[in-house]
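Below is one structure, written out as structure tokens; comments come after it.
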Amino acid sequence: MTHSWSAAHKTAVLERMLLIRRFEEGLVRLFEQHAFMAHYHLYIGQEATGVAVVEALSAADRIATTHRCHGHVLARGADPGRALAEILGRSTGYCGGRGGTMHLSVPELGFIATSGIVGGCIGLANGAAFALKQAAGDAVVAAFFGDGSLEEGVSYESMNFAALLSLPVVYVCENNSKGALGSVGGGFPTSVSAVKDLTDIPRCFGIPVETVDGRDVEQVFAAASRAVAHARQRKGPVFLHAVTERWAGSQPLWPELATGETDLAMAWDASRISGPHAAWYGQHDPVLLYARQLLAAGVLRQDELAAMDRSVADRIAAAGQFALDSPLPPAGALLDHVFA
Amino acid sequence: MTHSWSAAHKTAVLERMLLIRRFEEGLVRLFEQHAFMAHYHLYIGQEATGVAVVEALSAADRIATTHRCHGHVLARGADPGRALAEILGRSTGYCGGRGGTMHLSVPELGFIATSGIVGGCIGLANGAAFALKQAAGDAVVAAFFGDGSLEEGVSYESMNFAALLSLPVVYVCENNSKGALGSVGGGFPTSVSAVKDLTDIPRCFGIPVETVDGRDVEQVFAAASRAVAHARQRKGPVFLHAVTERWAGSQPLWPELATGETDLAMAWDASRISGPHAAWYGQHDPVLLYARQLLAAGVLRQDELAAMDRSVADRIAAAGQFALDSPLPPAGALLDHVFA
Amino acid sequence: MTRMNYAGAVVDVLRICLREDPRFAVMGNEILGLGPERVQFEALQQEFADRIFFPPCSEAAFTALAAGAAMCGQRIFAHLGLGSFAYPAFSSIANEIAGAHYASGGTIKLPVVLHLCHGVLMGGASQHSESPQAMFWNIPGIEIALPSSARQAKGLIRTAFRSDNPTLVISHGMMFGAEDDVPEEDYAIPFGVAEILREGRDVTLVAMSRTVGTALTAAELLAAEGIEVEVIDPRTLVPFDRRSLFDSVARTGRLVVADETRLSCGVASEIAAMVAEEGFDLLKAPIIRVARPDAPVSASPQQEAAMVPTPQKIAAAVRRVMGHG
Amino acid sequence: MTRMNYAGAVVDVLRICLREDPRFAVMGNEILGLGPERVQFEALQQEFADRIFFPPCSEAAFTALAAGAAMCGQRIFAHLGLGSFAYPAFSSIANEIAGAHYASGGTIKLPVVLHLCHGVLMGGASQHSESPQAMFWNIPGIEIALPSSARQAKGLIRTAFRSDNPTLVISHGMMFGAEDDVPEEDYAIPFGVAEILREGRDVTLVAMSRTVGTALTAAELLAAEGIEVEVIDPRTLVPFDRRSLFDSVARTGRLVVADETRLSCGVASEIAAMVAEEGFDLLKAPIIRVARPDAPVSASPQQEAAMVPTPQKIAAAVRRVMGHG
Ligand SMILES: Cc1ncc(C[n+]2csc(CCOP(=O)(O)OP(=O)(O)O)c2C)c(N)n1
Ligand SMILES: Cc1ncc(C[n+]2csc(CCOP(=O)(O)OP(=O)(O)O)c2C)c(N)n1
Ligand SMILES: [Mg+2]
Ligand SMILES: [Mg+2]
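Chains as they are written, first to last, in the numbering used here: chain A, 9 to 348; chain B, 9 to 348; chain C, 154 to 478; chain D, 154 to 478.
Below is the structure:
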């Protein structure tokens, strides 16, 4: 599985990562304006993983995701306006506003139901893989979940069953717990595991594994492509372990723009990097990392990058306005969609 | 952890194993006489494991067990009469007849609630270990469960938690699925696992493991003693994997005396061994194996063994009579013990 | 019409569905219970070996798998086992299955068929005797069918198979041997339509699943005393045929509900509450529930027998409402 | 008396219990919810660092652990999280905890305290808004307390701590900031004793948990119209104070039950069924339930708001029964 992205493609990939970043930053602002009230989770710091894995998929493939789903949906090409509208509970949202941040899902892009229950999506992903295997074709399923999912028993049961049935599913464990505080530290509960290397878990069911640096979009893409090919060839499930540094803004229970709105100039001007989050800006932020890489490789110029950022910002601003202008579904329609 | 049993002790161990065997054989007869109606599970073929592990425990230690619990309770010294009475739902039973075969439990002998839910006892055992760890002393918990328990998610969750909290629990996985038919073959559902070596599971949580031949009572005792010592020294959980051949009578959904009432003479007279179960009599039956060993070592004589068998048979006959003579608890007491 | 037991009817309808839809799969262990009828399943095993799956003892995972497959248009008949074994799968059912269509704004469909066995068995004791249907009725988004005969089993499972919604078919674990006249042809019994098994002017007696038989026996006893009981079987809890219930109560003015779920927050409670709310003016007497007492099930036979509605208990309840008003 | 919020009362009583019993432990994440009051927990964390455990995201396992510890005489306050997170632990609760004392013929005691947060939150949507108490009422063997104020939280948790039975204390996830006058001293509120929060001759209005406040507001609205409502808070579902309920209905002849569990097989259904069965002759009017509609919760604010009982809905129900009989 070799890959080589064209310059244009690399630029498009960076743009998608940036879109996710600006979307999430915009969402914090909308929350601060009380445009929605729900407990929510941001994809900042994990953009490279989601975008790369989705890049490795085809249109017929299916995707399962969790409470931290915004990035996956956008990576797959969802309209930021309809995604924001969903989070704001508007009727123009992808689920008519009924799903919100936890259940953001776009069936027409291959998503199955998004579950906010830790471990919930893994069993569902198995089912999608079972259906795809029974049907003709070579489609596969990618299941995105956090490291915390490996504390829920259903995840183990599901890996065992997938291995037994040789299901075409790529488990993408987004391990963002490096440096996380967890409940002990008063932060978001995450990773309380005795397992030293999380890939030992799938390995014990005979599932092939690969650990990648989740901040490096091209590395993730290469590994994801191998994993997807394995599943596509009907060789059974694969486990991709993408490790990222926990973003400071996702440490507390409620997200905060701890690192501010991303100053993209840090990609070309190292003098702007300082303060308590210097390591983040310099080494962990996947958007800045890829931007730096493309600048260094001459794929992009500084002014092009700035222009890209302006255009992304405009899209997000328009998306926010679209969401805010959209109507709420009426209380009277409460009982719609309980049953098909 | 060395051990050396005296000749008298070895004889007592064999007698206990034989007691379990005759108890279970008697139970089949009681079932055939419609003395009870419940779906039930026999410990035949696993006597060496239960007796050896219980031998390695002290009086203050606690025990958790499953649907296949009869042998554990008897190994710990329960009265066969009260145990049979419990299985027959009589008020003289250890649980006043309310628990039956699935929930046979003897708190005064250190048993915690017996669970008939696959995987159910592992989490409860953790709790007992938690309590023992918080209390003074060096008591430990032994949790007996079948290989099928490792298909239930709660077992994985529990091993993780025990490893994290370094709980003094000895997990005793009685793997009786070697050669089992399972549902596919129309038999009892058992072991549907992609894990090639079940000890890989505890290992991945950093739990020390040991696999032993579950038919060999002295081998199991040696390993169990090491495991118990580990937990007693507060070094955390241990996983003992005791492998036995599935007894033909436990292949179908409902137990059958497939191998007949054990002819103890097969211990000294090989010419009696023949037919479809020859391998069982010759190599897998833990009672015959140990009897042969003690005869060969001169610990016991043939006539002593025969006398032991008669005395055990008498005890079981008396126990059966006691159970049958005992009253059923009245329907009117139905609501007793819903609450303490 | 053929004489057929409940197990045979389940096999019959599964065969029809398996033949009709080449992707339809059946997953589970002991789908026809632990009794002698369990071997009737072998016919399916032979004909459809590649579409019969014996899952690991992982109820949460295989229930979720069946749900995920349904989201991708593949229908699975997933047998969870006894009511108690549905509890490890409770999150898969209540969290993942029930609300998925709703939370997606109707964009995701989830036509999975779940099946389980409920009821007091012989010696099931505290962990093998559950009748969890009331809990599931408290979870919106799942259709619930409770066949009371072989004929109903065939027709209701057929409807479950055709539904676009998740459906839960609950068989009584002691009913697989119950014989009935079953039409040979393919037929479906619509959900949300009650069956009146016996007409009567004096008291409306609602029962489901195995308790229907008990209720009919009670009705015979009472008829001998001159009390005419109308026996109604709702057949599905969700959707519930309120119309038939209220029409009957309008005729009789009296209601007894007999059911094997436990008293508190049980199925009988809901039916009683419905009528106390919307049919109060029709009532001449209290609504009596004959349900399972609020206790775990004892392994001891006399105590176990006292858990279930009997013709005597039902008849006593009917006499009580007849003496009233 | 001190002015204290609900979170403070929980901290207060846990501190009393932790000081009293050196083996008592507290286990769980976000025990005081996700709101600003959550930081009040830090006081306990500091004083009892070695007895506060943050378990992995393994609800089934840590619930079972708490149960097993209780079997060996060590009591744990185990916080399961939201109602939905109790579902992965459902087997631990329904299969392992509820029946253990019974199946052991009373020889094993299981004094575990389970705690969870129920209710429609802000944007909880379909998986973070559950009120599962009716399902637990359907499982005999567990005592269930639903504090409706800081004062009740302190007194009821104290009783749970002293009980020999498994207890389930259910707090509303939106109530941690609600202030109340709370006695400073140690006190226990007995289980099975309702509290009459307002007397009134016309209608008995039963409410629990957060809905008590809503009911009191409704009662004020109605008083202005000359309708005197008696507001009763049972405080515990198990044991249930039938006496206080029936006495009140005997005085008023009318019953409305307002509750946040869902309509079908919900808490209101059980209370209605009880009275339709044993208090029928006291009734002058239908029993109206003001409950959560039978639907998952939408993430959209207007639809979410329409899920819960409001003073207006309760008042309308009361007016309806007043216009009757
Ligand atoms: C069954 C269940 N228990 C608890 C929670 C509360 N919860 C939400 S997110 C979360 C942490 C999940 O960690 P991880 O899977 O690593 O995802 P991350 O948020 O780190 O991306 C928890 C415990 C839940 N949603 N579901
Ligand atoms: C949660 C649950 N699912 C299914 C069952 C039905 N069941 C009873 S025993 C058993 C097989 C267990 O196998 P194993 O743990 O290896 O024990 P063994 O009977 O082989 O000793 C099953 C599936 C159950 N009791 N509990
Ligand atoms: Mg994480
Ligand atoms: Mg086994």
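Ideal Cβ positions, reconstructed from N, Cα and C, are used throughout, including at glycine. All of these numbers come straight from a predicted model, not from anything done at the bench.
For Ala-525 (chain C), three-class secondary structure by DSSP: Any question about residue 525 (chain C) goes unanswered here, given that chain C covers just 154 to 478.
Neighbour flag for Ile-261 (chain C) against chain D, beta carbons, 8 Å: no
beta-carbon Asn-184 (chain A) near ligand 3 non-hydrogen atom, thresh 7 Å: yes
Given Pro-350 (chain A) as reference, the closest of A:Ser-14, A:Ala-20, A:Leu-35, A:Leu-26 once Cα atoms are compared: Because chain A in this structure spans residues 9 to 348, residue 350 (chain A) falls outside the shown range and cannot be described.
Gly-131 (chain B) - DSSP class collapsed to helix/strand/coil: helix
Residue-level contact to chain A via CB, Ser-279 (chain D), 8 Å cutoff: yes
For Pro-392 (chain D), the nearest candidate out of D:Phe-399, D:Pro-343, D:Ser-417 (CA to CA): When only C-alpha atoms are compared, the closest one is D:Pro-343.
Under the three-state DSSP convention, the category Ile-52 (chain B) falls into: coil
Minimum Cβ-Cβ distance from Val-471 (chain D) to chain B less than 8 Å: no
Bridge partner(s) assigned by DSSP for Tyr-179 (chain B): B:Ala-151, B:Phe-247
For Ile-250 (chain C), the three-state DSSP class (helix, strand or coil): Per DSSP, reduced to three states, the secondary structure at Ile-250 (chain C) is helical.
Residue from C:Leu-218, C:Leu-235, C:Val-474 whose Cα sits closest to the Cα of Val-322 (chain C): C:Leu-235
Length at least 4, wholly inside the stretch 196-225 of chain B: the alpha helix (DSSP H) runs in chain order: 208-212
Cβ-heavy atom distance, Ser-282 (chain C) to ligand 2, below 7 Å: Flag unset: Cβ of Ser-282 (chain C) not near ligand 2.
Boundaries of the beta strand (DSSP E) in which Arg-191 (chain D) is found, first to last residue: It is not in any beta strand (DSSP E) - Arg-191 (chain D) carries neither H nor E in the DSSP assignment.
Sub-8 Å separation of Ile-261 (chain D) and Ala-121 (chain B) beta-carbons: yes
DSSP-derived helix/strand/coil call for Thr-19 (chain A): DSSP places Thr-19 (chain A) in helix when its eight states are reduced to three.
Simplified DSSP state of Thr-10 (chain A), which is helix, strand or coil: Note that Thr-10 (chain A) scores a pLDDT of 49, beneath 50, so its modelled location is shaky; the value from the coordinates is reported in the next line. In the structure shown, Thr-10 (chain A) sits in coil (DSSP, three-state: anything other than H, G, I, E or B).
Min CB distance Ala-328 (chain C) to chain D below 8 Å: Before going further, note that residue 328 (chain C) is Met rather than Ala in the sequence given. So, not an interface residue.
9 Å Cβ cut-off: residues of chain A touching Gly-161 (chain B): Gly-127, Glu-160, Gly-161, Val-162, Ser-163, Tyr-164, Glu-165, Ser-166
Closer than 7 Å: Glu-160 (chain A) CB and nearest ligand 1 heavy atom: yes
Option nearest Arg-323 (chain A) by Cα separation, candidates A:Ser-258, A:Glu-23, A:Val-220: Residue A:Glu-23 is the option with its Cα nearest to Arg-323 (chain A).
Residue range of the beta strand (DSSP E) that includes His-345 (chain B): Neither: His-345 (chain B) is in no beta strand (DSSP E) and is coded neither H nor E.
Whole-angstrom C-beta distance between Val-382 (chain C) and Ala-351 (chain C), which should lie under 8 Å: Reading off the sequence shown, one finds Arg at residue 351 (chain C), where the question assumed Ala. The pair is a contact, with the Cβ atoms about 7 Å apart (cut-off 8 Å).
DSSP-derived helix/strand/coil call for Ile-324 (chain B): Helix.
Reduced DSSP secondary structure (H/G/I, E/B, other) of Arg-254 (chain B): Reduced to three states, the DSSP call for Arg-254 (chain B) is coil.
Enclosing alpha helix (DSSP H) for Thr-312 (chain D) [first to last residue]: 303-315
First and last residue of the uninterrupted alpha helix (DSSP H) at Glu-200 (chain C): 195-200
Cβ separation of Ala-303 (chain D) and Asn-158 (chain D), assumed to be a contact under 8 Å, to the nearest whole Å: 6 Å
Opening and closing residue of the alpha helix (DSSP H) in which Arg-473 (chain C) lies: 464-475
Neighbour-count burial assignment, Pro-338 (chain A), 16 or more Cβ in a 10 Å radius: exposed
Minimum Cβ-Cβ distance from Val-192 (chain A) to chain D less than 8 Å: yes
CB contact below 8 Å: Arg-176 (chain D) versus chain B: yes
Ile-467 (chain C) at chain D interface by Cβ criterion, 8 Å: It does not; no Cβ of chain D falls within 8 Å.
Beta-carbon proximity check, Phe-230 (chain C) vs His-254 (chain C), cutoff 8 Å: Pairing Phe-230 (chain C) with His-254 (chain C) gives a Cβ-Cβ distance that is not under 8 Å.
Beta-carbon spacing of Leu-65 (chain A), Ala-91 (chain A) below 8 Å: no
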